[in-house]
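When you read off a place in the sequence shown, starting at 1, and then add 370, the result is the number in this note's numbering. Even for Gly, the Cβ is constructed at its ideal location relative to N, Cα and C.
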Amino acid sequence: MNIKISEVAHLPSRFGDFQVQAFQEGHKEHLAIFKTPLEEAPIVRVHSECLTGDAIGSLKCDCRDQLELALSLIEKEGGMVIYLRQEGRNIGLRNKINAYALQDQGLNTIEANHQLGFAADERTYEIVSTILEHYKIQKIRLLTNNPNKINALENIDIIERLPIIINANEHNAAYLQVKKDEMGHLL
Ligand SMILES: [Zn+2]
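Written out as structure tokens, the structure is:
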């Protein structure tokens with residue numbers, strides 16, 4: 371895959387003062403958000419796009435809370451958030467909304483994906499190695515509750531896992547419970 375990389379630009383945000391750089395992989399454009407200088411083993415959060423959560427503040431999931439927490443943490447401690455454009459666990463926005471419609475009828479997040487012909491999680495993380503290599507990062511402290519992400523990043527030296535703790539609300543409590551019970555998340 372031919373990856374096209376933007377310049378580095380300064381991005382002041384409500385969460386802190388960051389540097390950003392875009393990585394174009396085919397029709398997907400990902401973003402690295404980071405503080406300089408990067409440590410030898412920086413904190414890294416790999417966040418997958420969730421338009422409904424990240425932009426609209428949906429209460430059906432915990433994506434925005436996790437993103438805000440990660441950005442606030444790297445502002446304080448240094449590190450990088452890698453924002454991957456794989457909406458809806460990589461089934462895309464239209465399919466995700468169709469899955470939400472099935473959830474409105476009582477299916478849980480996994481059952482809805484299966485009914486649409488998808489696996490519970492279609493995300494991939496190959497691009498993460500490419501991005502980390504670009505910054506010559508060989509070791510990371512990964513901010514995640516998702517052990518599958520640790521396995522998916524097998525060619526990266528993860529020296530520590532830092533948990534990301536989000537409080538449940540009445541809308542996402544069932545979703546978080548499915549993540550914990552059926553998807554192996556360490557919540
Ligand atoms: Zn979400």
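heavy atom of ligand 1 below 6 Å from residue i C-beta
i	result
G462	no
G396	no
I386	Note that residue 386 is Gly in the sequence shown, not Ile. Flag unset: Cβ of G386 not near ligand 1.
G423	yes
Local conformation of residue i per DSSP, three classes
i	result
D491	coil
V378	coil
K509	strand
S442	helix
A411	coil
L486	coil
E447	helix
E530	strand
L454	strand
I373	strand
Buried or exposed (CB count within 10 angstroms, at least 16 for buried), residue i
i	result
N346	With the chain covering only 371 through 557, there is no way to say anything about residue 346.
E419	buried
M371	exposed
D551	exposed
A482	buried
P517	exposed
K549	buried
A402	buried
P412	buried
L443	buried
N-terminal and C-terminal residue of the alpha helix (DSSP H) that residue i is part of
i	result
L502	496-504
L472	463-474
Q391	Taken as a continuous stretch (DSSP letters only), Q391 belongs to no alpha helix (DSSP H), being part of the beta strand (DSSP E) at 386-395.
R459	457-460
L523	L523 -> no alpha helix (DSSP H), and no H or E assigned at all.
K550	543-552
Terminal residues of the beta strand (DSSP E) in which residue i lies
i	result
H400	398-404
Cutoff 7 Å: residue i Cβ touching any chain C Cβ
i	result
T514	The structure shown contains no chain C, having only a single protein chain.
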